[in-house]
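Contents: one structure, followed by commentary.
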DNA sequence: GATGAATGAGAATTCATTCAT
DNA sequence: CATGAATGAATTCTCATTCAT
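Chains as they are written, first to last, in the working numbering: chain A, -12 to 178; chain B, -12 to 178; chain C, -12 to 178; chain D, -12 to 178.
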């Protein structure tokens, strides 16, 4: 065997890193961060325990990375089109996007909702989270302002809460939740 | 000297039990169930580790009891007046009640929201939870039906999600959240 | 109520002491000394945990007393008739007595056999045990000597081992063991 | 540097496992299963407490493994030659073998005798034990039948009890017990 | 890079014993 | 005398992390 090129090694590293993160996210979401052991993740990801520490310096670092990159992804997914201003059509599109994302990244959102309630944990991410959600709320405020709402701020906060609440309920009971009907109603009532 | 009377023992047990449960709830809510040790609770409650097991047969049993009694309290708090049917005034009153309860029992709700996202944990309570929330949803469905909504079921699910979402956001940031404004808006838009 | 007389109190004390010992013996025999808790015994004997310590100063003291009085009982049961010498008829009678005793005091013998194998425990009783068994062996030696055996000592040791072995096997499987047949054979072959 | 080869790991694991089992057997035999702590075994075996659980999933599993492999050894030691039928010479040889084994594996037999008396424990091994002893008893029955005994079954049970009894007494007092003389007598009287 | 044996701190739990009442 | 609440030391077991190979 000839030695692998630098690029190949780099690719292997990246893939493996992602595999570990994906596995860890699944496990964290299913069993909780504390109840998931490094051993479990290593076994399921097909790497040795020792190697885990080659990729992440600690269990907490692994969690932080998962959360951080997850939040970045959300940001990247939501932001692109509308840098601050949003039309009615874009709003409708955004709603679909948000819930499509929740469906696709359900493990991430489960973990997110579970962690966010613990002050001791959430302080690790709070800054990053605000970076994502503050602009979003601002965008909603602008939208409702333009629309002539009496209290655009409360309206924006309300729709934010609604997204969280629907997501929360949906993730608690993915199979049975009438997500489409509810989304339809949200559009009618809030756009 | 004679042993304590049954009443004395009863009182001691009840008080201690409640003190342990209160402390445990605070700690569970702050640090998470897994990250809170029996030692921490014992120390904070001013009892020995061993005594904890005189009152609760395990850490899990302690959690279950806290959740179970908490859910009962919610039920008792919400249910009394409206056994299935609800008027407009009662609906408004109910909304105030729900959020007053969240404010008062914020630790309980934090714990509740954190646990509910973990399938491995939530299955311990799911039945009890449904006992409380199914009738509530039904009540909302009836309300919106009577009001002539196009899709009363979706409407009921939506308001349920909204309560959760508002609660969730409020508990994440108790000090800053504009709860009153949001509640006011909910009443305008959903009653 | 008039206060009980000294004699009545004495009787109560004695009865209760015996009840505790009987219960403890059953539990020790069933679950082992270590695996039996003071709480279990107290509950089963119908007394409070605290009171146990009014009768026995420790769990170990309770065990020692049970063993000591049990060994005394064996001694009293076996010895009376034959203080040193034994006839053929008496030997046959003794065999019946020994196994009748094992049947009646099966819990005691189970505990005895279990404890005796642990040097750390058996040293607590070894002296007392020897007090009982040395004379018995001596009696057998005399018997076989008189009978003209080639090696009366080995013969005595052998019959001693046989009693233990039969008892051991019988207690392991009380319901199925063909004790009577085996006893009959012992008499034919060893008297 | 490259990781250890499979063979190296295999060897390490086998050796450590055996060392732990040997140490545990000594300690269990001396102090009893319950009174021997994992810490004691670990310290004496020169490994950490944690490592014990890398090799045996629980204290009970360790005990079970020791007993199971011990019983297998007895079986392997006793069985080979005589697959069911046994001559006079073989019987004599078997007796020597049995007691040689008891001498060599005295810790195992002590533990065996101690555990067997506790229903709660013995049920863990009873099946395996019967697998070993039932054929042995059958072999004795056949032997005494061929020899023309009146009651070959009782005779077989008796010799079984005798082996247990002699072993029991010998192990209780290894240094002083006149094992050789007793064995000689057994051969004279029972072969 | 890769492995998994090894560690050790800390967790939940048990239980003999004490002691205020 | 009698009770059972209370203690604390000891036990089993887990697991993130390290490290020799």
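No residue lacks a Cβ here, since even glycine has one placed at the ideal position from N, Cα and C.
Any chain B beta carbon closer than 8 Å to residue i
i	result
residue 19 of chain A	yes
residue 41 of chain A	no
residue 108 of chain A	yes
residue 168 of chain A	yes
residue 142 of chain A	yes
Below-8 Å beta-carbon distance, residue i vs any chain D residue
i	result
residue 53 of chain C	no
residue -11 of chain C	A caution first: residue -11 of chain C carries a pLDDT of 48, below 50, which makes its placement in the model unreliable, though a value can still be read off. It does not: the Cβ of residue -11 of chain C has no partner Cβ on chain D nearer than 8 Å.
residue 94 of chain C	no
residue 84 of chain C	no
Beta-carbon proximity check, residue i vs residue j, cutoff 8 Å
i	j	result
residue 104 of chain C	residue 97 of chain D	yes
residue 153 of chain B	residue 127 of chain B	no
residue 17 of chain C	residue 107 of chain D	yes
residue 88 of chain B	residue 116 of chain B	no
residue 25 of chain B	residue 46 of chain B	yes
residue 174 of chain C	residue 113 of chain C	no
residue 168 of chain D	residue 121 of chain C	no
residue 36 of chain C	residue 111 of chain C	no
Expected contact under 8 Å - CB spacing of residue i and residue j to nearest Å
i	j	result
residue 58 of chain C	residue 150 of chain C	The pair is not a contact, with the Cβ atoms about 15 Å apart (cut-off 8 Å).
residue -1 of chain B	residue 42 of chain B	Their Cβ separation, rounded to whole angstroms, is 11 Å, which puts residue -1 of chain B and residue 42 of chain B out of contact at 8 Å.
residue 148 of chain A	residue 156 of chain B	5 Å
residue 180 of chain C	residue 22 of chain D	This structure cannot settle anything about residue 180 of chain C, because the visible part of chain C is limited to -12 through 178.
residue 178 of chain A	residue 90 of chain A	So it is not a contact: roughly 20 Å between Cβ atoms.
Residues of its chain near residue i, where Cβ-Cβ distance is below 7 Å and the 5 sequence neighbours each way are ignored
i	result
residue 11 of chain B	28, 49 and 53
residue 181 of chain C	Outside the displayed range of chain C (-12 to 178) lies residue 181 of chain C, so it cannot be described from this structure.
residue 161 of chain D	93
residue 32 of chain C	6, 7 and 10
residue 82 of chain B	170, 173 and 174
residue 95 of chain A	12 and 57
residue 19 of chain B	101
residue 30 of chain A	none
Minimum Cβ-Cβ distance from residue i to chain C less than 8 Å
i	result
residue 0 of chain D	no
residue 50 of chain D	no
residue 38 of chain D	no
residue 153 of chain D	yes
residue 46 of chain D	no
residue 100 of chain D	yes
residue 88 of chain D	no
Short CB-CB distance (under 8 Å) between residue i and chain A
i	result
residue 147 of chain B	yes
residue 132 of chain B	no
residue 104 of chain B	yes
residue 56 of chain B	no
residue 125 of chain B	no
residue 172 of chain B	yes
residue 111 of chain B	no
residue 24 of chain B	no
residue -7 of chain B	no
Beta-carbon proximity list for residue i, same chain, < 6 Å, skipping 5 on both sides
i	result
residue 2 of chain A	none
residue 73 of chain A	126 and 130
residue 4 of chain D	42
residue 136 of chain D	142
residue 15 of chain A	23 and 98
residue 39 of chain D	25 and 29
Own chain partners of residue i with C-beta closer than 8 Å, once the 5 adjacent residues on each side are dropped
i	result
residue 164 of chain B	156 and 157
residue 71 of chain B	122, 125, 126 and 129
residue -9 of chain B	-1
residue -12 of chain C	At residue -12 of chain C, the pLDDT of 46 sits below 50, so the modelled position is not reliable and the matter cannot be decided from this model.
residue 55 of chain B	112 and 115
Entirely enclosed alpha helix (DSSP H) segments - the region 26 to 75 of chain A, minimum 4 residues: The region 26 to 75 of chain A contains these whole alpha helix (DSSP H) runs: 36 to 42 and 46 to 65.
Within the region 81 to 143 of chain D, ranges of the alpha helix (DSSP H) (whole runs, at least 4 residues): Runs found: 93 to 103, 106 to 109 and 113 to 133.
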